[in-house]
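Asker:
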Amino acid sequence: MLLARVIGSVVATQKHAKFQGAKLLVVQPCVAKDGVLTESGNTVVAVDSVGAGLGTYVLFTQGSSARMTPMTKDSPTDAVIVGIVDSVEMGAATVEMPQ
Amino acid sequence: MLLARVIGSVVATQKHAKFQGAKLLVVQPCVAKDGVLTESGNTVVAVDSVGAGLGTYVLFTQGSSARMTPMTKDSPTDAVIVGIVDSVEMGAATVEMPQ
Amino acid sequence: MLLARVIGSVVATQKHAKFQGAKLLVVQPCVAKDGVLTESGNTVVAVDSVGAGLGTYVLFTQGSSARMTPMTKDSPTDAVIVGIVDSVEMGAATVEMPQ
Amino acid sequence: MLLARVIGSVVATQKHAKFQGAKLLVVQPCVAKDGVLTESGNTVVAVDSVGAGLGTYVLFTQGSSARMTPMTKDSPTDAVIVGIVDSVEMGAATVEMPQ
Amino acid sequence: MLLARVIGSVVATQKHAKFQGAKLLVVQPCVAKDGVLTESGNTVVAVDSVGAGLGTYVLFTQGSSARMTPMTKDSPTDAVIVGIVDSVEMGAATVEMPQ
Numbered sequence: 004m005l006l007a008r009v010i011g012s013v014v015a016t017q018k019h020a021k022f023q024g025a026k027l028l029v030v031q032p033c034v035a036k037d038g039v040l041t042e043s044g045n046t047v048v049a050v051d052s053v054g055a056g057l058g059t060y061v062l063f064t065q066g067s068s069a070r071m072t073p074m075t076k077d078s079p080t081d082a083v084i085v086g087i088v089d090s091v092e093m094g095a096a097t098v099e100m101p102q
Numbered sequence: 004m005l006l007a008r009v010i011g012s013v014v015a016t017q018k019h020a021k022f023q024g025a026k027l028l029v030v031q032p033c034v035a036k037d038g039v040l041t042e043s044g045n046t047v048v049a050v051d052s053v054g055a056g057l058g059t060y061v062l063f064t065q066g067s068s069a070r071m072t073p074m075t076k077d078s079p080t081d082a083v084i085v086g087i088v089d090s091v092e093m094g095a096a097t098v099e100m101p102q
Numbered sequence: 004m005l006l007a008r009v010i011g012s013v014v015a016t017q018k019h020a021k022f023q024g025a026k027l028l029v030v031q032p033c034v035a036k037d038g039v040l041t042e043s044g045n046t047v048v049a050v051d052s053v054g055a056g057l058g059t060y061v062l063f064t065q066g067s068s069a070r071m072t073p074m075t076k077d078s079p080t081d082a083v084i085v086g087i088v089d090s091v092e093m094g095a096a097t098v099e100m101p102q
Numbered sequence: 004m005l006l007a008r009v010i011g012s013v014v015a016t017q018k019h020a021k022f023q024g025a026k027l028l029v030v031q032p033c034v035a036k037d038g039v040l041t042e043s044g045n046t047v048v049a050v051d052s053v054g055a056g057l058g059t060y061v062l063f064t065q066g067s068s069a070r071m072t073p074m075t076k077d078s079p080t081d082a083v084i085v086g087i088v089d090s091v092e093m094g095a096a097t098v099e100m101p102q
Numbered sequence: 004m005l006l007a008r009v010i011g012s013v014v015a016t017q018k019h020a021k022f023q024g025a026k027l028l029v030v031q032p033c034v035a036k037d038g039v040l041t042e043s044g045n046t047v048v049a050v051d052s053v054g055a056g057l058g059t060y061v062l063f064t065q066g067s068s069a070r071m072t073p074m075t076k077d078s079p080t081d082a083v084i085v086g087i088v089d090s091v092e093m094g095a096a097t098v099e100m101p102q
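Protein chains in written order, with this note's numbering: chain L, 4 to 102; chain C, 4 to 102; chain D, 4 to 102; chain S, 4 to 102; chain R, 4 to 102.
#1: Which term fits Val83 (chain S), buried or exposed, when burial requires 16 or more other beta carbons within 10 angstroms of its beta carbon?
#2: Starting from Val53 (chain C), trace the beta strand (DSSP E) in both directions and tell me its first and last residue.
#3: Taking the alpha carbon of Ser12 (chain R) as the reference point, which residue from R:Phe63, R:Lys26, R:Thr75 has its own alpha carbon closest?
#4: Would you mind working out which of D:His19, D:Ile10, D:Ser67 sits nearest Gly86 (chain R), comparing C-alpha positions?
#5: Please confirm whether Thr46 (chain S) and Val29 (chain S) have their CB atoms less than 7 Å apart.
#6: Who are the near neighbours of Lys21 (chain S) in its chain, counting only those whose CB is closer than 6 Å to its CB and skipping five residues on each side?
#7: For Ser67 (chain S), return the contacting residues in chain R, with the cut-off set at a CB-CB distance below 9 Å.
#8: On the three-pair Cβ rule with 8 Å, is the segment 52-60 of chain D touching the segment 54-62 of chain R?
#9: Report all residues from its chain with a CB closer than 6 Å to the CB of Thr64 (chain L); omit the five preceding and five following residues, and keep chain order.
#10: Residues of chain S with CB under 8 Å from Phe22 (chain R), in chain order?
#11: Does Gly11 (chain C) come out as helix, strand or coil in the three-state DSSP assignment?
#12: Is the CB of Val30 (chain D) under 7 Å away from at least one CB in chain R?
#13: For the beta strand (DSSP E) containing Val83 (chain S), name the first residue and the last one.
#14: What is the DSSP secondary structure of Ser90 (chain L), counted as helix, strand or coil?
#15: In terms of residue numbering, what span does the beta strand (DSSP E) encompassing Gln65 (chain S) cover?
#16: For Gln31 (chain R), report the span of its beta strand (DSSP E) as first-last.
#17: Rounded C-beta distance between Ser68 (chain C) and Ser90 (chain L)? I'm assuming under 8 Å.
#18: Determine, using beta carbons only, whether Thr42 (chain R) comes closer than 7 Å to chain D.
#19: Under a three-way DSSP split, which group does Lys76 (chain C) fall into?
#20: How should Gln31 (chain L) be labelled, buried or exposed, when 16 other C-beta atoms within 10 angstroms of its C-beta is the threshold for buried?
#21: Could you tell me if Thr16 (chain S) is buried or exposed, where buried requires 16 or more neighbouring beta carbons within 10 angstroms of its beta carbon?
#22: Name the chain L residues that come within less than 8 Å of Gly94 (chain S), Cβ to Cβ?
#23: Output needed for Arg34 (chain S): all residues of its chain with C-beta closer than 6 Å, excluding positions within five of it in sequence on either side, in chain order.
#24: Got a sec: is the Cβ-Cβ distance from Val47 (chain S) to anything in chain R below 7 Å?
#25: Look up Ala95 (chain S) in the DSSP assignment and say whether it is helix, strand or coil.
#26: Look at the alpha carbon of Gly38 (chain R) and the alpha carbon of Arg70 (chain D), and state the distance between them as a whole number of angstroms.
#27: Please classify Thr97 (chain S): is it buried, with 16 or more other beta-carbons within 10 angstroms of its beta-carbon, or exposed?
#28: Please name the residue, chosen from S:Leu6, S:Thr75, S:Pro101, that lies closest to Gln23 (chain S) on a Cα-to-Cα basis.
#29: Using a Cβ-Cβ distance under 7 Å, would Lys76 (chain R) count as near chain S?
#30: Do we get a CB-CB distance below 7 Å when we pair Ser12 (chain S) with the residues of chain R?
#31: Using the rule of at least 16 other Cβ atoms within 10 Å of the residue's Cβ for burial, across every protein chain shown, is Ala95 (chain S) buried or exposed?
#32: Establish whether the CB of Ala15 (chain L) and some CB of chain C are separated by less than 7 Å.
#33: Starting from Thr41 (chain D) and walking both ways along the beta strand (DSSP E), at which residues does that stretch end?
#34: By alpha-carbon positions, which one of S:Lys36, S:Asp81, S:Pro73, S:Thr72 ends up nearest to Ala49 (chain S)?
#35: Measuring CA to CA, which of S:Ala7, S:Met93, S:Val88, S:Gln102 is closest to Val14 (chain R)?
So this is what it looks like as structure tokens:
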């Protein structure tokens with residue numbers, strides 16, 4: 004999984020039937036290093052399965068494993084948000100996420 | 004999924020039987036950042052499952068999940084277009100796509 | 004799928020039984036941009052399923068979908084050539100491939 | 004698999020049911036080169052299946068194969084720690100890992 | 004598949020049961036270009052299924068297809084060596100590998 008921050012959402016009227024009702028969020032991956040989180044890598048659009056909102060820090064899963072939630076089962080989904088991050092502990096440093 | 008813009012199409016007479024009749028579109032991935040969409044990353048050839056045209060902004064899915072549409076089932080496809088993007092909302096900024 | 008040019012082939016006497024008789028081609032991925040094809044990214048070794056030759060421009064599929072051809076079924080293959088490219092149309096520009 | 008060092012852990016109260024009780028570790032991938040291990044690439048969050056701790060060098064698996072442990076079966080997991088590294092032998096050089 | 008050179012091996016006492024008895028080799032990916040092989044990309048740890056040794060040039064497979072050998076079936080493996088490379092032919096140039 005990757006750490007990421009939710010930075011937006013996608014509106015798409017015309018889409019695969021399995022996406023009807025799904026919340027499609029734009030996430031910016033982050034890396035954890037030297038006690039801080041830093042944005043790194045290209046943005047991804049992920050289906051929300053945990054009620055994440057704009058600005059939330061999340062964990063998202065990619066590939067076939069993204070189909071392992073009730074909301075994404077058998078759908079052409081390759082990215083799904085699977086957790087909302089409270090904090091990341093890196094040795095002495097603990098980064099608390101804004102909720 | 005990734006955001007992308009359709010920039011072309013591929014003509015291939017000799018191809019796997021499962022691709023007969025499939026529209027093979029060249030898509031340029033985009034990232035959403037600071038309220039705008041920017042092209043980033045290498046182009047990909049994706050099967051169209053939603054009626055996308057040249058210049059359309061789309062969502063496409065990669066990997067095994069690309070086989071989860073009626074058009075790509077059991078085919079050697081690793082990329083499929085699954086939605087046409089109307090707009091991307093990034094906090095205060097909303098990017099409307101040309102249709 | 005990715006666009007690529009066939010630039011070579013691999014000879015391997017000792018290999019997994021499922022590769023016996025398979026043609027293993029070295030392909031150089033290309034990106035389509037500004038009306039031309041440009042080589043980009045690292046070379047990959049792909050199983051040929053369409054009769055491609057040296058210098059041919061092809062489409063190849065990666066990941067689990069690479070096992071969705073009769074030649075690669077149940078084999079430890081993660082890349083397969085699935086089409087020979089005649090041309091790539093990019094708006095006003097059409098790139099005809101050498102056959 | 005990739006070599007990595009465990010550099011932290013993630014606390015997430017709200018998460019997919021399959022992650023309840025799972026230890027979510029932040030790992031920093033490493034490359035083995037010229038007789039030493041060097042950090043390289045973005046951090047990943049992996050489920051621990053072998054009892055790894057902070058500072059441990061591990062092997063982790065990505066993609067669908069990450070679901071092939073009892074702890075991650077059928078869960079939306081795309082990264083799992085599958086081994087604790089004692090040493091890496093590179094020709095004349097042997098790198099012993101701190102345990 | 005990718006071309007690679009075996010540059011080392013990993014010793015891991017504590018590991019997933021499916022890895023017991025498996026030889027875990029460190030491979031350095033290579034690209035074939037302009038008639039030569041050049042190292043490129045990060046090292047990967049792959050299960051050996053063909054009897055490769057230190058210094059051997061090999062082909063390795065990644066992702067779910069890495070589970071398609073008797074040695075890796077149902078195991079949390081995402082990389083497996085599937086062939087030993089004798090030579091790579093690139094048009095006029097043939098690169099013979101040290102065996």
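Even for Gly, the Cβ is constructed at its ideal location relative to N, Cα and C. The model shown is predicted, which means the values in this text are computed figures rather than measured ones.
Answerer: In brief:
#1: By one-based count along the fourth sequence, residue 83 (chain S) stands at place 80. So Val83 (chain S) ends up on the buried side.
#2: Within the second sequence, numbered from 1, the residue matching residue 53 (chain C) stands at position 50. Premise fails: Val53 (chain C) is in no beta strand (DSSP E) and is neither H nor E.
#3: On the fifth sequence, position 9 is the one that residue 12 (chain R) refers to. The option with the nearest alpha carbon to Ser12 (chain R) is R:Lys26.
#4: Here the question's residue 86 (chain R) lines up with position 83 in the fifth sequence. Closest by alpha carbon: D:His19.
#5: Counted from its first residue, the fourth sequence places residue 46 (chain S) at position 43. Counted from its first residue, the fourth sequence places residue 29 (chain S) at position 26. Contact flag set, yes.
#6: The residue you call residue 21 (chain S) lines up with position 18 of the fourth sequence. So the list reads Ser78, once near-sequence residues are dropped.
#7: Taking the first residue of the fourth sequence as 1, we reach residue 67 (chain S) at position 64. Correct list: Gly66, Ser67, Arg70, Asp81.
#8: no
#9: The residue labelled residue 64 (chain L) in the question sits at position 61 within the first sequence. Excluding residues within five positions, the ones whose Cβ falls inside 6 Å are Met4, Val83, Val85.
#10: By one-based count along the fifth sequence, residue 22 (chain R) stands at place 19. Within 8 Å Cβ-Cβ: Val85, Gly86.
#11: In the second sequence, counting from the first residue as 1, residue 11 (chain C) sits at position 8. Strand at Gly11 (chain C).
#12: Position 27 of the third sequence, counting from 1, holds the residue named residue 30 (chain D). So, not an interface residue.
#13: For the purposes of this step, residue 83 (chain S) is taken as the residue at position 80 of the fourth sequence. It spans 82-87 - the beta strand (DSSP E) in which Val83 (chain S) sits, taken as one unbroken run.
#14: As a working note, residue 90 (chain L) is residue 87 in the first sequence. Ser90 (chain L) falls in the strand class under three-state DSSP.
#15: For this step, residue 65 (chain S) is matched to residue 62 along the fourth sequence. Segment 60-65, the beta strand (DSSP E) holding Gln65 (chain S).
#16: Along the fifth sequence, read from residue 1 onward, the residue named residue 31 (chain R) stands at position 28. Looking at the DSSP string, the run of the beta strand (DSSP E) that includes Gln31 (chain R) is 27-36.
#17: Counting from one through the second sequence, the residue named residue 68 (chain C) turns up at place 65. Counting from one through the first sequence, the residue named residue 90 (chain L) turns up at place 87. At roughly 31 Å, the Cβ-Cβ gap does not stay under 8 Å, so Ser68 (chain C) and Ser90 (chain L) are not in contact.
#18: Reading the fifth sequence from its first residue, position 39 is the one you call residue 42 (chain R). Rather than Thr, the amino acid found at residue 42 (chain R) in this sequence is Glu. Cβ-Cβ to chain D under 7 Å: no for Glu42 (chain R).
#19: Looking up residue 76 (chain C) in the second sequence gives position 73. In the structure shown, Lys76 (chain C) sits in coil (DSSP, three-state: anything other than H, G, I, E or B).
#20: Position 28 of the first sequence holds residue 31 (chain L). Per the 10 Å Cβ criterion, buried.
#21: Start at 1 with the first residue of the fourth sequence, and residue 16 (chain S) comes out as number 13. Counting Cβ neighbours within 10 Å, Thr16 (chain S) comes out exposed, since fewer than 16 surround it.
#22: On the fourth sequence, position 91 is the one that residue 94 (chain S) refers to. By Cβ distance, chain L contributes nothing, its closest Cβ being about 30 Å from Gly94 (chain S), past 8 Å.
#23: Counted from its first residue, the fourth sequence places residue 34 (chain S) at position 31. According to the sequence as given, residue 34 (chain S) is Val; it is not Arg. Within the same chain, Val34 (chain S) has close Cβ partners Thr41, Ser43.
#24: To locate residue 47 (chain S), count along the fourth sequence from 1; it is residue 44. No, its Cβ sits nowhere closer than 7 Å to a Cβ of chain R.
#25: For this step, residue 95 (chain S) is matched to residue 92 along the fourth sequence. Of the three classes helix, strand and coil, the one that applies to Ala95 (chain S) here is coil, per DSSP.
#26: Residue 38 (chain R) sits at position 35 when you count from the first residue of the fifth sequence. Residue 70 (chain D) sits at position 67 when you count from the first residue of the third sequence. Gly38 (chain R) and Arg70 (chain D): Cα-Cα distance of roughly 29 Å.
#27: Position 94 of the fourth sequence, counted from the start, is the residue given in the question as residue 97 (chain S). Classification of Thr97 (chain S): exposed, given that the 10 Å Cβ count is below 16.
#28: Taking the fourth sequence and counting its residues from 1, one reaches residue 23 (chain S) at position 20. When each option's Cα is compared against that of Gln23 (chain S), the closest is S:Thr75.
#29: The count along the fifth sequence starts at 1 and reaches residue 76 (chain R) at position 73. Output row for Lys76 (chain R): interface = no.
#30: Position 9 of the fourth sequence holds residue 12 (chain S). With 7 Å as the cut-off, Ser12 (chain S) does not count as an interface residue toward chain R.
#31: As a first step, residue 95 (chain S) is located in the fourth sequence; it is residue number 92 there, counting from the start. By the 10 Å Cβ count, Ala95 (chain S) comes out exposed.
#32: The count along the first sequence starts at 1 and reaches residue 15 (chain L) at position 12. Answer yes: the Cβ-Cβ gap between Ala15 (chain L) and chain C drops below 7 Å somewhere.
#33: Position 38 of the third sequence, counting from 1, holds the residue named residue 41 (chain D). Run containing Thr41 (chain D): 39-42, per the beta strand (DSSP E) assignment.
#34: In the fourth sequence, residue 49 (chain S) corresponds to position 46, counting from 1. Selected option, being the one with the closest Cα: S:Asp81.
#35: The sequence position of residue 14 (chain R) within the fifth sequence is 11, counting from 1. The residue with the shortest Cα to Cα distance from Val14 (chain R) is S:Val88.
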